[in-house]
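Each position in the sequence shown, counted from 1, maps to that position plus 351 in our numbering.
Positions of the beta carbon are idealized from the N, C-alpha and C atoms, including for glycine.
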Amino acid sequence: RSQIAPNRWARFYELETNRPLYFTKKYELVYTDHDLPTHYSFQGEYGVRRFIATYEEVKKKGREAILRARESTQEQRAARAKALAPRVEAVIASQDPKGRWLNKGRIECGTFVRNLNTLSEYLEMAGSAPAGK
C-alpha cells in the first residue's frame, strides 16, 4: 500500500496521510524526490517484503511456535561460538588504542555495526555453551 514503485519504499512517510517525505539538499521538508542529498538513502527496498513475510508467518503460526523453531542446542551454540572465535579475534585486534575501528582515520557506521554484531553474537553463543567447549 505504501510502495512508491515495485519493491521500492520511501524511508519516511507522513503520519496519517502515508505520503512519502523527503528532504532537499538544503534540508527543507518536501513531498517530492527532486533535489535530494546524495549522502543519504531516501528510497530503497529496506527489507520490507521480508518483514511482511515474517509478520504473516508469525500471525499464522503464532509467536511461541516461531520462537521454538529458532531455539538451538547448547552444542550448536558452542559450535557457533567456536566458528566465530577467529573473526572475534580479528575484530578485537583491528581496534586502535582507543578501542575504535578506523578506516582512513574515520569511524564508519557499517564497520561499527558489523563488528559489534560479531562480538555480541559471540558473547551470546559462548555464554550459553557447555563448560569446557
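Where do the N-terminal and C-terminal ends of the alpha helix (DSSP H) with Y373 fall, by residue?
Counting from 1 along the sequence shown, the entry for residue 373 is found at position 22. First-last for Y373: P371 to F374, but that is the beta strand (DSSP E), not the alpha helix (DSSP H).
Near T462, what residues of its chain come up, given a Cβ to Cβ distance below 7 angstroms and the 5 sequence neighbours on each side ignored?
One-based indexing of the sequence shown puts residue 462 at position 111. Here the set comprises W452 and N454.
Do the region 357–376 and the region 389–399 touch if we need at least three Cβ pairs shorter than 8 angstroms?
yes
Going straight from the alpha carbon of L470 to that of I443, what length do you get?
Counting from one through the sequence shown, the residue named residue 470 turns up at place 119. Counting from one through the sequence shown, the residue named residue 443 turns up at place 92. Between the C-alpha atoms of L470 and I443 there is a straight-line separation of about 9 angstroms.
Can you list, in chain order, the stretches of the alpha helix (DSSP H) that have 4 or more residues and sit fully within the region 427–481?
460–478
Let me know the secondary structure DSSP gives F402 once reduced to three states.
The residue given as residue 402 occupies position 51 in the sequence shown. Three-state DSSP puts F402 in a helix.
Could you spell out where the alpha helix (DSSP H) holding R421 opens and where it closes?
Locating residue 421 in the sequence shown gives position 70, where the first residue counts as 1. Unbroken alpha helix (DSSP H) run through R421: R414 to R421.
For Q425, name the three-state secondary structure that DSSP assigns.
Along the sequence shown, read from residue 1 onward, the residue named residue 425 stands at position 74. In the displayed model, Q425 falls within a helix according to three-state DSSP.
R431 and M476 look like a contact to me (Cβ under 8 angstroms); what is the Cβ gap, rounded to whole Å?
Walking along the sequence shown from the start, residue 431 turns up at place 80. Walking along the sequence shown from the start, residue 476 turns up at place 125. Right, their Cβ atoms sit about 5 angstroms apart.
Near R465, which residues of its chain fall below 6 angstroms by C-beta distance, leaving aside the five closest residues on each side in sequence?
Position 114 of the sequence shown holds residue 465. Correct list: empty, nothing qualifies.
List the DSSP bridge partners of V381.
Here residue 381 is taken as the residue at index 30 of the sequence shown, counted from 1. Answer is Y373, bridged to V381.
Which value, in whole angstroms, describes the spacing of the CA atoms of I458 and K411?
Reading the sequence shown from its first residue, position 107 is the one you call residue 458. Reading the sequence shown from its first residue, position 60 is the one you call residue 411. Between I458 and K411, the alpha-carbon positions lie close to 42 angstroms from each other.
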